[in-house]
Amino acid sequence: MDDWLAIAAATDDAVSLIAPGIAIKGLGVSFASKHLRMLDPKRYAVLDEVINEGLGFARNPRGYALFIYCLQEFLARHELPYSVATLESGLFYLIRQQVRAR
Numbered sequence: 001m002d003d004w005l006a007i008a009a010a011t012d013d014a015v016s017l018i019a020p021g022i023a024i025k026g027l028g029v030s031f032a033s034k035h036l037r038m039l040d041p042k043r044y045a046v047l048d049e050v051i052n053e054g055l056g057f058a059r060n061p062r063g064y065a066l067f068i069y070c071l072q073e074f075l076a077r078h079e080l081p082y083s084v085a086t087l088e089s090g091l092f093y094l095i096r097q098q099v100r101a102r
């Protein structure tokens, strides 16, 4: 875990970053991305079941990378001063009730 989080602090490649996290026993994309979000909320967000079902991002390394890319692009395009984690949190609350109602 220490080695993985040290790598996370030094890279921006979400695909190669999330893969070692999900290789840790007991961590899937959801929990691995939660660790990354706690490490650096400016760069990382949580990809969990709500985001997966509500927005269709796959819970795998490529899906995580696409999710992070889309969040970063949205923030840049709209010149918003928020972190990636703040945007993800807002999306989570917007879609959670709809996902749970299914």
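1 is the number of the first residue of the sequence shown in our numbering; add one for each residue after it.
Every residue, glycine too, gets a C-beta built ideally from N, C-alpha and C.
Here the structure is a predicted model, which means the values were calculated and not measured.
Of the residues GLU53, ASN60, ALA10, GLY54, the one whose Cα lies closest to the Cα of SER33 is ASN60.
Contact between VAL15 and LYS42 is absent: CB atoms are separated by about 19 Å, not below the 8 Å threshold. Of the candidates PHE57, GLN98, ALA58, GLU88, the residue whose Cα lies closest to the Cα of LEU71 is GLU88. Residue range 84-101 is occupied by the alpha helix (DSSP H) that includes GLY90.
The beta carbon of TYR82 is closer than 7 Å to those of LEU75 in its chain, skipping five residues each way along the sequence. In this chain, the alpha helix (DSSP H) harbouring ARG77 covers 61-77.
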